Amino acid sequence: MSPRFANACALLIAVDQNKEASAALPAVAADARALRDVLVHPARCGYAPDKLRLLTGAESSRQGLFDGLDWLADELAAIPDGDSTAILYFSGHGHVEGGEHYLIPYDLNLRRMRSSAIRAADFADAVAQLTPRRLLVVLDCCHAAGMAVKQAAPAPFVSAAIPPALFLPEAKSLTAGRLASGAGRAVLSSCQPGEYSYLRADGRMSIFTYHLIEALTGHAQPSGGAPEVLVSDLASYLRRSVRQSARAQHGTEQNPVPQLTGNFPVALVLGGDGLGKGQAAPDPLAPLPPAVSWRATVSGSGAIAQAGGIALGEGATQVGGDCTIVSGTQIVHNYYRATAGSAPSKEDIARQVAGYLRWLQERTQSIELRGIERAGGAAVVVLPIETAYVPLRARSLPRFGDAPQRIGKPGKAGRQRTVELEDGAAAGEPSGSEADIALNEVLGLGHRLAIIGGPGCGKTTVLLHMAWALASSLLAGRPEPARSRLDLTMAADELPLPIFVPLASFARYRRHLPAAAEAREKTLAHFISWHLISREAPFDLPADFFVRLLKEGRNVLLLLDGLDEVANEGERAEVRKSVENLVAGRDAMRVVVTCRTIAYRSGSAALGADFREIRVQALEHAQHIAPMVRQAYACIHPQDPVRRLERADDLLTGIQRLEADRRRRLGENAAALVDSPLMVRLLLIVHLNNRALPEQRADLFDKAINALLQVDYGRDESDNRELSADWALYRDMAQQLAFRMHQQGADQGREIEEPALRAILRAEPEFRPRLDDFVRHARQRGSVLEERDGAYRFLHLALQEFLVARYLSEVIGRDSREAMLSFLAERIEDLWWREPILLLAGYQATHAARSARELLRALAASGSIGDAQFSAAELAATAAIEWRDSGEALRAECARRIVSLLSNAEALAKSQPVVRARAGDRLAQLGDPRFDAQRFYLPADGMLGFVRIAADPAFMIGTRRQDAARVAKIIGRKVDDDEINDTPTQTPEFYIARYPVTVAQFRAFIEATGLAIGNGDALADVDSRPVRRVSWHEAQAWCDWLHEMLKTMPEVEGSPIAKLVRENGWQVALPSELEWEKAARGNLSGAVFPWGNDVDPNLANYADSQIHDSSVVGCFTGNAFGLFDMVGNVREWTRSLYLDYPYDPADPKRENLNADDGAERVVRGGAWFFHRAGARCTSRHRLRLGDRFVNLGFRVVLRSSPVP
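Numbering (my numbering), first residue to last: 1 to 1204.
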């Protein structure tokens, strides 16, 4: 290594994970690791590995980041003459708030942004304390995980990069004298403020870091020859290359910002050799060469290779060409110690170990996507595990008897635990009980691990990834990829030998042993040797090789997959006992077992107390699903970056649409459909087979189930033969079972015991010959069912629901549509049957469109009482909406049916508010015929939705004092003093809107005027719900706009309302408090509610109605004036200032529209979450003009004279 960089240090920070899931950026870790590998490689930049530190995951916390700076400061301070070089690299989110710039650490708390994020100024101060002669700060802030641009990040994190000027205040600049000596400071920022930092089109690295590595490896010096790279080389190359790549790959701007106070070298070029004449500079994405050309001296038992020689550790054996097993010394030594030397030569053993590792690497290096339709018998789609693997999140559960603590990286528990406990407590989480960790880092948690999780959650892939990473490192004789992939910091010669074993195969092996078999033949160690050596594997290890290594227990990682997949509880207990027997007394042996959660928690599967449970967590879209999809498509279309981005975006958009539809149908708290890698894989298969996700959910589930039943997860041929079956027959058996289970209801219909399962299927003669195969298939992988401790359930409730729908269509509906409708009539109101009914319509739509339309027309018109009528109409409408090709005629018919029910007093009286609200939302989605799209969605009647309210010379606003006790008894609480009034106030004639202003009406105003509203969520609801989250000034602006439209719009010219405006000077306004209450009472003097004095949650949308949200206007009976939603639903602005009664409209202060913005206006009517005391005619509240609440809307009046 050049003496120039013997004292070079580097701190690389990549905030890839985050406690706030929305802030995670998994892709940045790959950037930092790639940069690390180039910096420490002797044939590249030549930094010493022990002088570089990489912070990712939990280590990139606020405390961890400053600890890293302390480490860097300590390393630099230890350099005697101060002639040092340092690189500080940060990749993560940058944020701006209130003019202050922040770096986002791992332990961000969105509720405490300013205290949990890192002020860039504080970071700059810490950097300014560093003492290297040459300092390079690199900021890649920031690209969003798995996405092309940072713009895809959540809203709080789409701000500009940290301005480099923060690191270069004039007071901290270096003197000219020092600049002349090759010293200085430089900052390279990935983009200008206001720009975004992009990923490469292939998604493998950021554009900026890719070109940074290029510049560090000779690309910045096209003439070649220079042994070192200067910061000026980096700056000029990055400015040119990043801009070009951003334009070419994304059609947009990204302009790095370099700031230099000197020009100095920062690294060697190609190990100090420089780029030779005519030599091509290396590709940053290409594998690095073996680290065997390190120029160094060696002492003790070390080894060195120069100029293409081969470096071996003491006693290491060269095996075949360029394959050197550094850890072979340990593995071979352990085996020889167990055999006392009575074995083949060490060279032969090492050679066969290499053969085993190559065989294991080949078997674990890819993930196969089966179930894909392929022409001409082409191979299945193969995804390389190196690029397709996405680390999931897991939660480490404390072992019995452990003191509560959070799990940190080995050797760093003390300081890290303090930080974690503080953060956990701050976040409201029980201190120390559990800890989240990346699933690829679990090997650091101990030698006995049990990874548990639901079906298809990725447990097996975790083991395969471990086996591949270790086999690859052992073959290369290098810590990589085990170091970066598994977070194993041990030296290459200490890495364990991975042994992957499917426990279901072990159980099957034991089942077929003769009764007289020796006890040793029944052991797990004996099976492993038989499984790996005696079955024609391409290596020739001694028959006792694994037995002796396992007996020794050192340098072995035993990967035991699928304890739950052992066929029955008795065998499962025997296999568990075999595992415990093998590990007993061998504390050095590393063992990882996978099992499904329910099976593991049963007595037959749970391992001993020395096994720590690692529970796989649910998927996050940005952190897991998007990277899975993008990396899969990067493997499928490696030569076509545009296509792979296009296909990945299409699938991810489809997944988000599916999830949004599911939440809309089932509620915001509904479990996600895509909750495991299994579901991601199924959707990927369907997407590949069909070029897109089907628009119909039923079609999606149909294709997914077919793929599942045809897929074969078995990795050994005998397993494949045992699982082979007629998948179409299995589908019929599965749908029969699903239907019978669903008939048991929501409490008992999700799971079934094996005897009951067999009884159901045995009842059908055609199923009997394959019943045992079906059950065996369910116990193994590849079925739509999963077995849990002797009970069975479908992998996902959605699959069960689809199979029920298929049964309804193919079996019950085989003879007539009337048979299906008759069966559904008794279940139309049961939410347990809602999804099967919708999927039934979808299934029929994909197979017989005409029949599907007839079914939906009949369904919409069915039902004998209110709830059943609304439920049937809503289900038919939902199905028509989901079915893109249902046709305008069918949709219009469904909409008219719902409108007719909302106009039917008997149907309203005999139906529940929740059912009507659901139907109202569907009406809005279909296109609400009550409103006229050609007239800004005003009501489609001659009066444009306005209702005349006659003058009342004796109207008395508020509650009379003598009525206060009576009213208090009705509403269940004291009447507020501010609504007591005994003075009559004359009300003039006016017109008031039948409904509150709707989302569609407000959107028309926004589109026509271009007004920038304060809360975009004001337009988030369906069109016929009342608009909400609007300020008083925004409501006033709508009034002014509508007034102008009534004066000038030709479409309303014949309306009496327009005539009042144009000829008589009437004006649109917010109602006064007096006008609002007069209209709300509906001619019922002294009434508590618009309908009278009886409490009735069926007559207004307030808390007791159980809707828990706003509802489409008109879902409740109107008052005597024909006005709807006067109380409940949303509160409504008035033009009145909040003053005491009596109400004097002649008082200029009472309705002064120009009052100071600090004044408070009255809001009326209560809202959907109000107690009945707040949702009545006389209840009044006050708000400031800028308030925009989720329950706050407005309606308007037309009054005879201009509002003062």
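Beta carbons are placed, not taken as given, at the ideal position from N, Cα and C, and that holds for glycine.
Note that the structure is a prediction, hence the values are computed from the model and not measured.
(1) Grab me the residues of I760's own chain with a C-beta within less than 7 Å of its C-beta, minus the 5 sequence neighbours each way, in chain order.
(2) Do you know whose CA, among S245, R758, L135, Q254, lies nearest A267's CA?
(3) Taking V967 as the reference, give the member of E893, V1088, A819, R935 with the closest Cα.
(4) Measure the Cβ-Cβ separation of N981 and M956 and say whether it is below 8 Å.
(5) Sorted by chain position, which residues of the same chain lie with C-beta nearer than 6 Å to S1200's C-beta, five sequence neighbours on each side aside?
(6) Considering only their Cβ atoms, is the gap separating A1167 from N1191 smaller than 8 Å?
(7) Taking only the alpha-carbon atoms, compute the straight-line gap between A438 and Q365 and give it to the nearest angstrom.
(8) Suppose only complete runs of 4+ residues qualify. What are the alpha helix (DSSP H) ranges in the stretch 1004 to 1080, listed by chain order?
(9) Given a cut-off of 8 Å, decide if V804 and L795 are closer than it, judged by their beta-carbon atoms.
(10) Return no unless some Cβ of chain B is closer than 8 Å to the Cβ of A280.
(11) Taking D976 and V999 to be in contact with their CB atoms under 8 Å, please state how far apart those CB atoms are, rounded to whole angstroms.
(12) Is the beta carbon of H1181 less than 8 Å from the beta carbon of R1131?
(13) Ignoring anything shorter than 4 residues, give me the alpha helix (DSSP H) runs that lie fully in the stretch 81 to 136, in order along the chain.
(14) Going straight from the alpha carbon of F1194 to that of A248, what length do you get?
(15) Suppose only complete runs of 4+ residues qualify. What are the alpha helix (DSSP H) ranges in the stretch 829 to 853, listed by chain order?
(16) Compare the beta carbon distance of C595 and A507 with 8 Å and say whether it is the shorter of the two.
(17) Just the Cα atoms here: how many angstroms apart are A235 and K51?
(18) Out of curiosity, what's the CA-to-CA distance linking R576 and A606?
(19) I'd like to know if the stretch 64 to 71 and the stretch 27 to 37 are in contact, where contact means that at least 3 CB-CB pairs between them fall below 8 Å.
(20) Counting only the same chain and skipping the five closest in sequence on each side, list residues whose C-beta sits under 8 Å from that of G1186.
(21) Would you mind stating whether Y106 and L35 have Cβ atoms separated by less than 8 Å?
(22) Can you pull the DSSP bridge partners for C141?
(23) Ignoring anything shorter than 3 residues, give me the beta strand (DSSP E) runs that lie fully in the stretch 1118 to 1162, in order along the chain.
(24) Give the secondary structure of A14 by DSSP, where H, G and I count as helix, E and B as strand, and everything else as coil.
(25) So the candidates are G454, D561, P996; which of them puts its Cα closest to the Cα of L503?
(26) With Y792 as the anchor, note down where its beta strand (DSSP E) starts and where it stops.
(27) Identify the continuous alpha helix (DSSP H) that holds Y633 and give its terminal residues.
(28) Along the alpha helix (DSSP H) that carries R1182, what are the first and last residues, could you check?
(29) Going along the chain, which residues of its own chain have a beta-carbon closer than 6 Å to the beta-carbon of Q1213, five neighbours each way excluded?
(30) Would you tell me roughly how many angstroms separate the C-alpha atoms of E826 and P836, rounded to the nearest one?
(31) Considering only the beta carbon of each residue, do L840 and L808 sit closer than 8 Å?
(32) Could you round the C-beta distance between A8 and S84 to whole angstroms and report it? I think they count as a contact, below 8 Å.
(33) Is it true that the stretch 202 to 214 meets the stretch 35 to 47, where meeting means three or more beta-carbon pairs spaced less than 8 Å apart?
(34) Assign I865 to one of two classes, buried (16 or more other C-beta atoms within 10 Å of its C-beta) or exposed (fewer than that).
(35) Taking DSSP as the reference, what is the three-state secondary structure of I970?
(36) Name, in chain order, the residues that DSSP records as bridge partners for R1164.
In terms of the structure at hand:
(1) Q736, L737, R740
(2) L135
(3) V1088
(4) yes
(5) W1066
(6) yes
(7) 20 Å
(8) 1032 to 1048, 1056 to 1064
(9) no
(10) Of the protein chains in this structure there is only one, and it is not chain B.
(11) Wrong, their Cβ atoms sit about 32 Å apart, outside the cutoff.
(12) yes
(13) 113 to 116, 120 to 128
(14) 50 Å
(15) 834 to 847
(16) no
(17) 24 Å
(18) 8 Å
(19) no
(20) G1014, S1031, W1032, H1033, D1157
(21) no
(22) G92
(23) 1131 to 1137
(24) strand
(25) D561
(26) 791 to 794
(27) 626 to 636
(28) No alpha helix (DSSP H) holds R1182; the beta strand (DSSP E) holding it covers 1180 to 1184.
(29) With the chain represented from 1 up to 1204, any question about residue 1213 goes unanswered, as that position is not in the structure.
(30) 14 Å
(31) yes
(32) 7 Å
(33) yes
(34) exposed
(35) helix
(36) E1132, R1180
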